[in-house]
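Residue numbers (UniProt numbering), protein chains in the order written: chain A, 1 to 93; chain B, 1 to 93.
Quick reminder that beta carbons are idealized off the backbone N, C-alpha and C, glycines included.
No experiment lies behind these values; they were computed from the predicted model shown.
And the structure:
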């Protein structure tokens, strides 16, 4: 199971957002069932950051979304974003 | 270098679109510099199909976008889509 999303931040919020996302990445990578969890630079917008995730299954993703670091960091990151893509969730055919 | 996009198709176009995308996947996977190129099911919309790509570098992606199969299939697939996400292009930080 894979997730992808992109957020675009105001210039003055970018550094703070990146720090928070890096914290989220570090904590999430330690979680059971987490195969990939990383932050990427948006090639088309220098203030855009993308998160790409791969999970072994829904149960691990659900546990992730109930974790303390998710509940602490995701709202903070969201509040700094000026534009948010949907969170795309997809699976092998 | 990574690319992600999601397209949502009308029900009557879904099967044809999937066939065309599978052709695009098969041809693209043969290309030099192509690390990942695959089609996935959208978990939130049964008529959604996602394409996720990883390329060794821009030069390979550019060659891909100039290829005969790209020029033939991508417009056809696009014409069948009812909704198209942006093509997100992203890179490791």
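message: Tell me the DSSP secondary structure of residue 87 of chain A in three-state form.
response: Here DSSP, grouped into helix, strand and coil, assigns residue 87 of chain A to coil.
- prompt: Anyone know if the C-beta pair for residue 2 of chain B and residue 90 of chain A falls short of 8 Å?
  reply: Judged by beta-carbon spacing, residue 90 of chain A lies beyond the 8 Å limit of residue 2 of chain B, meaning their Cβ atoms are not closer than that value.
- prompt: With 16 other CB atoms within 10 Å as the buried threshold, where does residue 85 of chain B fall?
  reply: Buried.
- prompt: What residues from chain A crowd round residue 43 of chain B, counting only those whose CB sits closer than 8 Å?
  reply: 1, 89, 90 and 91, listed in chain order.
message: Along the chain, where does the beta strand (DSSP E) containing residue 3 of chain A start, and where does it finish?
response: It spans 2-9 - the beta strand (DSSP E) in which residue 3 of chain A sits, taken as one unbroken run.
field: Chain-ordered chain A contacts of residue 34 of chain B [CB-CB under 8 Å]
entry: Annotation: residue 34 of chain B has no Cβ neighbours in chain A at a cutoff of 8 Å; minimum Cβ distance is about 17 Å.
message: So the candidates are B:80, B:34, B:88 and B:70; which of them puts its Cα closest to the Cα of residue 10 of chain B?
response: Residue 10 of chain B has its Cα closest to that of B:80, out of B:80, B:34, B:88 and B:70.
Sub-8 Å separation of residue 88 of chain A and residue 5 of chain A beta-carbons: With a cutoff of 8 Å on beta-carbon distance, residue 88 of chain A and residue 5 of chain A are scored as near each other.
field: C-alpha gap between residue 56 of chain B and residue 36 of chain B, whole angstroms
entry: Here the C-alpha atom of residue 56 of chain B lies approximately 10 Å from the C-alpha atom of residue 36 of chain B.
query: Buried or exposed: residue 16 of chain A, going by 16 or more other Cβ atoms within 10 Å of its Cβ?
result: Flag for residue 16 of chain A reads exposed.
query: beta strand (DSSP E) containing residue 53 of chain A: first to last residue?
result: Membership of residue 53 of chain A in the beta strand (DSSP E) is indicated by the continuous run 48-55.
message: Judging by CA-CA distance, which residue of B:31, B:8, B:83 and B:53 is the nearest neighbour of residue 69 of chain B?
response: Of B:31, B:8, B:83 and B:53, the residue nearest in Cα terms is B:31.
task: Rank B:72, B:20 and B:33 by C-alpha distance to the C-alpha of residue 49 of chain B and give the top, closest one.
output: Selected option, being the one with the closest Cα: B:20.
task: Under 9 Å between beta-carbons, which chain B residues line up against residue 25 of chain A? List them in chain order, please.
output: Here the premise fails: no neighbours, minimum Cβ distance about 10 Å.
message: Just to confirm before moving on: does the CB-CB distance between residue 52 of chain A and residue 38 of chain A stay below 8 Å?
response: Their beta carbons are under 8 Å apart, which means residue 52 of chain A touches residue 38 of chain A by this criterion.
task: Would you mind telling me which residues of chain B sit closer than 8 Å to residue 39 of chain A, beta carbon to beta carbon, in chain order?
output: Under the 8 Å cutoff, chain B gives 93.
- request: Note down the Cα distance separating residue 58 of chain B from residue 29 of chain B, rounded to an integer number of angstroms.
  value: In a straight line, the C-alpha of residue 58 of chain B is about 16 Å away from that of residue 29 of chain B.
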